[in-house]
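Protein sequences appear in the order of chains S and P.
For the first sequence, the residue numbers in my numbering are 405 to 539.
For the second sequence, the residue numbers in my numbering are 435 to 614.
Using N, Cα and C, we set each Cβ at its ideal position, and we do this for glycine too.
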Amino acid sequence: TVGAVALDSQGNLAAATSTGGMTNKRPGRVGDSPLPGAGCYANNANVAVSCTGTGEVFIRMLAAYDVAALMEYSGVSLPEAADRVIKEKLVALNGEGGLIAIDREGHVVMPFNTEGMYRGVAWVGDIPSVGIWQE
Amino acid sequence: MEKAVIAIHGGAGTLSRSNTSPETARKYTEALHQTLLAGQAILAAGGSALDAVTEAVRLLEDIPLFNAGTGSVFTHAATHEMDACIMDGRRLDAGAVAGVRCVRNPILAARAVLDNSPHVLLISDGAEQFAREQGLEIVAPDFFSTAERAAQLRQARGQEQVFLDHDVPVPPISPDTKFG
């Protein structure tokens with residue numbers, strides 16, 4: 405699964421996600437990637453999110469929207485909301501994976517609960533940064 | 435407000451350092467770096483977040499290393515079925531496709547659904563017909579296949595399991611290896 409989230413100079417957020425699914429999946433299986441709110445979500449009011457991982461669990465959790473909902477209704481920060489979704493709620497349902505997210509103030513998080521996640525971030529004017537494993 | 439910014443991912447899984455060669459890691463990091471530069475350039479030129487994420491994902495779909503577009507994993511039936519979604523935070527507009535088999539860049543089909551359709555999610559034959567009507571590139575189903583993904587399917591079938599993007603275990607000795 406691949407994905408991107410961005411904040412532009414006008415303060416607009418967007419998210420995109422694309423996938424081939426899971427190796428050896430049953431034909432007709434649909435994961436979280438094409439479902440707004442499950443694997444992909446953007447709302448200028450708070451956050452843009454793209455997910456990767458065990459799609460069925462992300463669907464049940466409405467994982468991407470859950471990050472936004474935690475921020476909106478509980479007032480928690482993006483790092484706290486994203487960590488709670490990936491490192492607590494996803495784990496509790498035996499789900500694996502991670503997400504990338506940007507809030508409306510330009511804060512970026514990329515939590516995951518697997519051994520690695522291919523990821524990167526680039527602020528305009530800065531050198532891009534990429535990573536694979538936990539720092 | 436902070437500076438414009440883009441973040442990307444190329445999937446998660448069992449990516450242990452011990453099983454990843456420096457050359458493999460370099461290929462992935464270079465692909466991510468080039469994709470970030472493209473997205474960053476759009477934002478630097480005053481482009482929209484929506485255009486930046488569209489282009490970043492389109493580029494990632496065209497890199498066989500990642501499980502999207504070319505390089506997508508196989509279904510149990512040795513086919514490819516791809517899904518994509520895009521969402522615009524300005525008005526909660528969204529477009530998505532699922533189960534497409536011949537659209538070169540599923541994210542462009544999702545973007546077309548967002549831009550040019552009253553619907554949010556189109557699937558399978560209907561999504562492919564819409565992509566054709568939108569003038570998107572249509573390719574043969576085997577366009578998405580790679581030898582690495584075919585090997586992963588054989589292994590997954592043997593174990594009767596499904597695997598995440600980068601989770602197919604590598605056996606100590608390949609069952610395909612022939613010894614004299």
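Residue burial annotation: residue 505/P is buried, with at least 16 other C-beta atoms found within 10 angstroms of its C-beta. Check the Cα spacing between residue 407/S and each of 482/P, 491/P, 476/P: the tightest is with 491/P. Under the three-state reduction of DSSP, residue 521/S is assigned to strand. By alpha-carbon distance to residue 533/S, the top candidate from 462/P, 498/P, 564/P is 462/P.
The alpha-carbon separation between residue 439/S and residue 458/P amounts to approximately 31 Å. Listed by position along chain S, the residues whose Cβ is nearer than 8 Å to that of residue 482/P are 412, 414, 416, 418. Fully enclosed beta strand (DSSP E) runs of no fewer than 3 residues occupy 444–447, 451–457, 501–507 of the segment 421–509 of chain S, in order along the chain. A distance below 6 Å between beta-carbons, with the five flanking residues on each side excluded, links residue 525/S to the following residues of its chain, in chain order: 512, 533.
Look at residue 487/P: its C-beta is under 7 Å from a C-beta on chain S. The beta carbons of residue 533/P and residue 432/S sit about 7 Å from each other, so the pair counts as a contact at 8 Å. Closest in alpha carbon position to residue 502/P, among 456/S, 469/S, 484/S, is 456/S. The beta-carbon separation of residue 449/S and residue 471/S, rounded to 13 Å, does not stay under the 8 Å limit for a contact. In the DSSP assignment, no residue is bridged to residue 496/P.
Contact between residue 416/S and residue 483/P holds: their C-beta atoms lie close to 5 Å from each other, under 8 Å. Contact annotation for residue 481/S against chain P: no contact, minimum CB-CB distance about 14 Å [criterion: below 9 Å]. Taking C-beta separations shorter than 7 Å and ignoring five residues to either side along the sequence, the partners of residue 490/S in its chain run 502, 503, 515, 516, 517, following chain order.
Chain P places no beta carbon closer than 7 Å to that of residue 515/S, leaving this residue out of the contacts.
Around the beta carbon of residue 506/S, a 10 Å sphere encloses 16 or more other beta carbons of the protein chains shown; the residue is thus reported as buried. Around the beta carbon of residue 477/P, a 10 Å sphere encloses 16 or more other beta carbons of the protein chains shown; the residue is thus reported as buried. Interface with chain S (7 Å Cβ-Cβ cutoff): residue 570/P is excluded.
The segment 530–594 of chain P contains, as complete beta strand (DSSP E) runs of 3+ residues, the segments 555–557 (chain order).
Around the Cβ of residue 538/P, a 10 Å sphere holds 16 or more other Cβ atoms; the residue is buried. Annotated three-state conformation of residue 527/P is strand, per DSSP. The CB of residue 475/S never comes closer than 7 Å to any CB in chain P; the least such distance is about 13 Å. Not one beta carbon of chain S lies nearer than 7 Å to the beta carbon of residue 461/P. By the CB criterion at 7 Å, residue 541/P and residue 529/P fall outside the cutoff. By the neighbour-count criterion, in which a residue is buried when 16 or more other Cβ atoms sit within 10 angstroms of its Cβ, residue 525/P is exposed.
The DSSP-derived three-state label of residue 466/P is helix.
Your pair residue 531/P and residue 561/P checks out as a contact, with CB atoms roughly 4 Å apart and the cut at 8 Å.
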